[in-house]
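Be aware that the sequence shown starts at 299, since it is given in my numbering, and climbs by one per residue.
Here is the structure we will look at, set down as structure tokens.
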Amino acid sequence: MNEKTRKNISAAGLLIAIGIVYGDIGTSPLYVMKSIVAGNGGIAHVNRDFIVGSISLVLWTVTLLTTLQTVFIALKATNHGEGGIFALYTLVRKRAKWLVLPALIGGAAILADGTLTPAVTVTTAIEGLKGIEFGHGNVPVSTQGAVIAITVVILLILFSIQRMGTSIIGKAFGPIMFIWFTFLGVIGLMNMMGDLSILQALNPYYAIKLLFSPYNKVGIFILGSIFLATTGAEALYSDVGHVGKGNIIGSWPYVFVCLSLNYFGQGVWILNNPNYNAGNGDFNPFFEIIPQNIRLAAIVLATIAAVIASQALITGSFTLVAEASGLKFLPRMNIMYPSTKKGQIYIPSVNKMICIATIAIVLFFQTSAHMEAAYGLSITISMLMTTILLYEWLAMKGIRTIWNWIFLIFFGFLDIMFMLASLSKFTHGGYVSLIIAGFIGIIMYVWFYGNKIRDKRESRNAYVRLDEYVDMLTNLSHDEDYPTFATNLVYMAKVKYNKFIKREILYSILDKRPKRARAYWFVTVNVTNEPFTAEYAVNTYGTKNVINVQLFLGFKQQTSVNVYLRQIVHDLIADGTIESQPQEYTTTPGRDVGDFSFVIVNDVISPQTQLRSYEKFLVEARVWLQNLSSNPASWFGLDYADTVIERVPLILGDQRRQHITRIAPKKFEDIKKKLRAEGELKE
């Protein structure tokens, strides 16, 4: 651990990290051993070699994929403190164009996993309440229907508190998760003391031996259940921006030891109870190792931990979506910043979509056993994609080629093995996660390549120099032959290099119907990395009618363009930059600022667009997604302002020249007679 990493570690930071990033992997003991034993036919069909080998596989899987690949290698590949597959892609994208494909596939898979984690973890925990008596013979949770109802209520509460931000949530969850991991370690240690020979599982020989053992009835496909122990590694990487890499590196050893002790304890209990009969069929070694007198309290704690596990994936999803929007993988969305740290974000639309998808999964699968069949498949795909991108990052950092290839072959082989093993789950529910990932992937593909085609095939004259149209705009402003459209006509338009603007903006002012205004405003909003920046710069090009405004707003600063613009007009009138705008008809005596009309230009594909059918489909789909998902007025705080959404034709590719031939009147009459005779013309 280097000096800089040590300086970033604090007791509070470690606690927040435990509360935010380890929820998913921290609840894996709830279902991993249960899934492994069930996959082999139940507790009656396992022996010592099987249990020792299974635990060995679990421990070495977590060691290699989580500790080595994620904590020691991936956490070094951050982009301005942000982690995750999209941040990693940002670092390496200049090395090859095809690297966008693993980024798209991996990102879609992680977002799909974000809908499964809350469903499987919370349902598993609540199932532990089935059959437990409260008081004298009172069993409130006696059916799976009750489990589902409680699970849905808990999930609704979880998603409703996301707007509070990860800092507040982490401070509340941190102490609870610390208690949870300590509980896992202590309970595991208590059971492990009954047979310390279980420590043989530390030897990887037993892990490899199990894969080829006749006692392992499913062979290599056991890795599908083993992999459940390391789900959460991608969330850990994605959440680094929320808590800092130093706090993750510093807290992981404690978490890993507690998890290992619990797996050891479950293994000893299974070996000591070969003839156990669950009666109702709901066998879960995690709950069985807990003494009866504290089992109810343990289930409550497990339920809270399951809720926190969901939190890790939700916050990770927010980060991924924000990064995807920045990379033009997804449409722009309304992002809120609950704290003064830019890495801590909340995206209302994403929160709603994950909530709906998660509850739908709970209602569809009904039991945790069925959900486990769908769980893990998509995340194996994302880990393989991450390995590919990490290989490119290591090469970019100048690591020797031989070590790069060793990394790619070793971890690539592991990822492929786990992915192939998890494919056995496809028909048992894995198809659901792939459908969700595929849906997200298609949206990202359409948005990214639709933008690419548009940028590539857009006319070279798509951008014009604003300063070359200053005289024309000034003349229109004073031309009384045209009615006044607005005193201040404002276009939310990005002005590049202080002079280049999209031609469609000027087309809207000059060509569609000349819009006369006292002043033409072209406003660009720039979001800064500081939370509360509120500054502006203007360029009037030597006029009093054409004003280019560059707003510099902090990421937490409210984007209320109409409010800022009124202040800017006052400032510019006061120093004589623009003329006063006295109002004859007003309820405010002495008002010197006129009315505002805000215009936001939306593209529509012109029939003149000449693209190949495939390209045209992608561009049209991209425009449809933009109009479906975006609300530009809300982005700029113009919900209650006088806002006009104007459609302007987008012409891409070579324009087809259309020609029509004029005919003489006599020929026209001859054509009419012929059509009338053939019955084609009715008058």
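Note that CB positions come from ideal geometry on N, CA and C, so glycine has one too.
Whether residue i touches residue j by CB criterion (8 angstroms)
i	j	result
Val825	Leu851	yes
Arg920	Val648	no
Met742	Phe562	no
Ser878	Leu787	no
Arg763	Thr785	no
Leu456	Ser326	no
Ile845	Trp819	yes
Leu625	Phe384	yes
Ile334	Ile524	yes
Leu242	Val398	This structure cannot settle anything about residue 242, because the visible part of the chain is limited to 299 through 981.
Leu682	Gly710	yes
Thr613	Asp537	yes
Ile520	Ile349	no
Leu386	Trp701	no
Val793	Thr822	yes
Met475	Gly324	yes
Gly472	Leu611	no
Thr359	Thr617	no
Leu357	Ala499	yes
Ala835	Arg801	no
Tyr673	Leu328	no
Asn900	Arg960	no
Cβ separation of residue i and residue j, assumed to be a contact under 8 angstroms, to the nearest whole Å
i	j	result
Ile677	Ala315	That pair is no contact at about 21 angstroms.
Gly892	Ala607	The pair is not a contact, with the Cβ atoms about 56 angstroms apart (cut-off 8 angstroms).
Ala505	Gly351	6 angstroms
Ala372	Thr684	7 angstroms
Lys332	Asn582	5 angstroms
Ser261	Asn501	Outside the displayed range of the chain (299 to 981) lies residue 261, so it cannot be described from this structure.
Ser987	Gly412	Nothing about residue 987 can be reported from this structure: the residues present for the chain run from 299 to 981 only.
Thr838	Thr875	6 angstroms
Leu509	Ile518	6 angstroms
Met490	Ile496	6 angstroms
Ile807	Ala791	Ile807 to Ala791, Cβ: 11 angstroms. No contact.
Residue i beta carbon near the ligand SAH (any heavy atom closer than 7 angstroms)
i	result
Leu328	Among the components of this structure there are no ligands whatsoever, and the ligand SAH is therefore not found.
Distance, residue j Cα to residue i Cα
i	j	result
Leu599	Glu621	34 angstroms
Lys515	Met631	48 angstroms
Gly530	Val369	12 angstroms
Phe585	Gly486	11 angstroms
Ala693	Lys750	27 angstroms
Val319	Tyr805	50 angstroms
Glu301	Ala375	Note that Glu301 scores a pLDDT of 46, beneath 50, so its modelled location is shaky and nothing firm can be said.
Arg393	Ile943	40 angstroms
Gly492	Val566	7 angstroms
Arg814	Thr772	9 angstroms
Thr422	Ile477	19 angstroms
Gly840	Gly748	39 angstroms
Ile452	Thr665	16 angstroms
Lys305	Pro551	In this predicted model, Lys305 has a pLDDT of only 47, less than 50, meaning its place in the structure is not dependable enough to derive any value.
Ala719	Ala832	53 angstroms
Ala975	Ser911	40 angstroms
Thr365	Ile898	49 angstroms
Gln460	Pro646	9 angstroms
Cys653	Gln590	34 angstroms
Ala596	Ile424	11 angstroms
Leu454	Asp890	50 angstroms
Leu916	Trp922	10 angstroms
Asn570	Arg346	10 angstroms
Lys810	Tyr780	13 angstroms
Phe716	Gly522	6 angstroms
Gln865	Pro629	31 angstroms
Segment contact, 8 angstroms Cβ cut-off, at least three pairs: the stretch 333-348 with the stretch 657-664: In short, these stretches do not touch, since the Cβ pair count stays below three.
Touch test, the stretch 441-456 against the stretch 770-780, Cβ-Cβ under 8 angstroms, three pairs minimum: no
contact_flag[the stretch 539-554, the stretch 723-742] where n(CB pairs < 8 angstroms) is 3 or more: no
Inter-stretch contact at 8 angstroms, needing at least 3 Cβ pairs: the stretch 548-563 / the stretch 469-485: yes
Sufficient close CB pairs (3 or more, under 8 angstroms) joining the stretch 764-772 to the stretch 698-708: No, the stretch 764-772 does not touch the stretch 698-708.
Length at least 3, wholly inside the stretch 755-786: the beta strand (DSSP E) runs in chain order: List check, beta strand (DSSP E) in window: 761-763.
Within the stretch 847-905, ranges of the alpha helix (DSSP H) (whole runs, at least 4 residues): 859-872
Segments of 4+ residues assigned as alpha helix (DSSP H) that fall wholly inside the stretch 686-741: 699-720
Continuous alpha helix (DSSP H) assignments of at least 4 residues falling wholly in the stretch 334-400: 346-359 and 383-390
Entirely enclosed beta strand (DSSP E) segments - the stretch 784-813, minimum 3 residues: 798-800
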